[in-house]
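*Asks:*
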Amino acid sequence: MFNRIYAIAKKEFRQLRRDTRMLFVVFFYPVVLLAIFGYAINFDVKHIKIAVYDQDKSNYTREYLNGLISSEYFDLITYIDNDADIKKLLDEKIVQLVIVFPNDLSKKLNSKQEAKVQYLIDGVDGNTANVIVNYVTAATLNYSLKLNKEYLAVTGKQFYVPINLEPRFWFNPELESTKFLIPGLMGMILIIIAVVSVSLSIVREKERGTIEQINVSPLSSLELIIGKTIPYIVISLIDAAIVLFAGYILFGIVIKGSIFLLLLSTLMFLFSALGLGIFISSVADSQQVAFQAATVTSMVPSLVLSDFIFPIESMPTIVQWITNLTPAKFFIATLRAILLRGVGISVFWDQLVYMLIFGIIFISLATLVNKKAKSV
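Next up, the structure:
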């Protein structure tokens with residue numbers, strides 16, 4: 077049995093080696109996709125364009141604005157002199173935020189009265205608008221505390237904070253969305269490469285007519301599937317190493333957990349992904365059909381239903397059940413646990429079990445389909 081599996085694997089390696097275009101796509105595509113998604117998909121809201129309607133023109137407003145635009149989150153675009161310009165700037169998306177200081181701001185602050193500042197925000201993109209609200213709320217609170225401290229210092233009173241809030245973020249202190257997205261991107265790249273590449277293998281034999289020779293040989297369906305799968309496991313592991321290395325070079329992603337657990341999880345995921353690819357290859361009659369089916373079953377679920385970009389917890393209950401149909405969901409959860417949190421297998425062992433079951437089911441189905449075709 078091992079000699080027959082070795083012969084099939086050797087044959088598949090030779091065919092892959094001759095297909096230089098396929099090899100170029102397999103090894104070049106992951107790096108390109110990583111760079112594009114890593115830099116293009118970013119939920120960090122920075123360089124928010126603001127306009128200022130300063131009716132007070134006091135040291136208070138200048139001090140507040142200097143603190144605001146000194147960070148990378150805000151860019152001051154222009155000052156305006158009347159209310160009519162506010163609507164124009166927001167309608168034409170020239171700015172995302174307009175800050176309006178009333179003409180009695182300094183008067184109220186000097187007399188220790190409550191002063192109000194108006195923020196007008198472009199709310200078309202709800203997520204960005206919420207982030208802007210949080211930014212300006214935090215900036216206003218900090219400036220208010222600064223003024224309060226100065227007032228108490230002048231009056232000789234001690235500044236007292238009953239509860240001092242000091243939030244600390246674990247695993248991703250800088251709150252960089254790229255570090256959250258890279259593990260998901262790795263899962264999406266691997267499932268696309270694994271499913272698409274292996275789904276074309278058996279179909280290629282059908283189109284060339286060599287599948288008949290394989291069917292009359294003493295080679296069993298399971299041996300054929302294992303032999304066809306081994307080369308793509310090796311290629312996918314190389315792709316995984318390339319993605320991890322590129323993630324470290326481009327985005328500073330480091331492995332905080334066990335490398336052995338990372339390898340084990342990747343192998344389990346490849347087992348499930350390649351099982352799906354083998355099944356598609358068994359039921360498809362042409363490479364075109366196999367490619368389309370592999371793309372639909374790998375790219376769309378791994379992008380939408382895997383917690384890669386869209387949080388599963390916010391989806392309807394029925395859709396949350398449907399997300400269990402893609403192994404990418406469980407692999408991404410495992411990757412984030414190992415790469416970002418550095419936890420042990422006790423946290424994600426159930427994810428590995430699911431990927432194992434997923435692979436066994438589809439490889440068993442592919443074996444049955446091949447046996448039926450061989451008997452016919």
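The number in my numbering is simply the position in the sequence shown, starting from 1, with 76 added. Glycine is no exception: its CB is placed at the ideal position from the N, C-alpha and C atoms.
1) Classify VAL108 as buried or exposed, calling it buried when 16 or more other Cβ atoms lie within 10 Å of its own Cβ.
2) Tell whether a beta-carbon distance below 8 Å holds between VAL319 and LEU166.
3) Excluding five sequence neighbours on each side, which residues of the same chain lie with their C-beta closer than 7 Å to the C-beta of GLU283?
4) Put ILE197 into one of helix, strand or coil per three-state DSSP.
5) Using the beta-carbon count (16 or more within 10 Å), is GLU226 buried or exposed?
6) Return the first residue and the last residue of the beta strand (DSSP E) that LYS125 is part of.
7) With H, G and I counted as helix, E and B as strand and the rest as coil, what does DSSP make of ASP151?
8) In whole angstroms, give me the CA-to-CA distance for GLN427 and PHE119.
9) Leaving out five residues before and five after THR137 in sequence, what residues of the same chain have Cβ atoms less than 7 Å from its Cβ?
10) At what residues does the alpha helix (DSSP H) containing ILE208 begin and finish?
11) Taking 8 Å as the cut-off, does the stretch 310–328 touch the stretch 340–351 (at least 3 CB pairs, one atom from each stretch)?
12) May I ask you to report which of helix, strand or coil DSSP gives PHE347?
13) Looking at GLU139: is its Cβ nearer than 8 Å to the Cβ of LYS122?
14) Which value, in whole angstroms, describes the spacing of the CA atoms of TYR308 and SER273?
15) The alpha helix (DSSP H) that contains VAL380, what's its start and end?
16) Could you have a look at PHE177 and say whether DSSP puts it in helix, strand or coil?
17) Go to MET262, then tell me how far its alpha helix (DSSP H) extends in each direction, as first and last residue.
18) Got a sec, what are the start and stop residues for the alpha helix (DSSP H) GLN396 sits in?
19) Between SER390, ALA83, LYS184 and ILE265, which has its C-alpha nearest ILE408's C-alpha?
20) At the level of alpha carbons, what is the spacing between PRO377 and ILE156?
21) Just how far apart, CA to CA, sit LEU326 and LYS448?
*Replies:* On the basis of the supplied data:
1) exposed
2) no
3) SER362 and GLN363
4) strand
5) exposed
6) 124–130
7) strand
8) 27 Å
9) ASP130, PHE177 and LEU181
10) 202–231
11) yes
12) helix
13) no
14) 7 Å
15) 363–380
16) strand
17) 253–284
18) 393–398
19) ILE265
20) 48 Å
21) 48 Å
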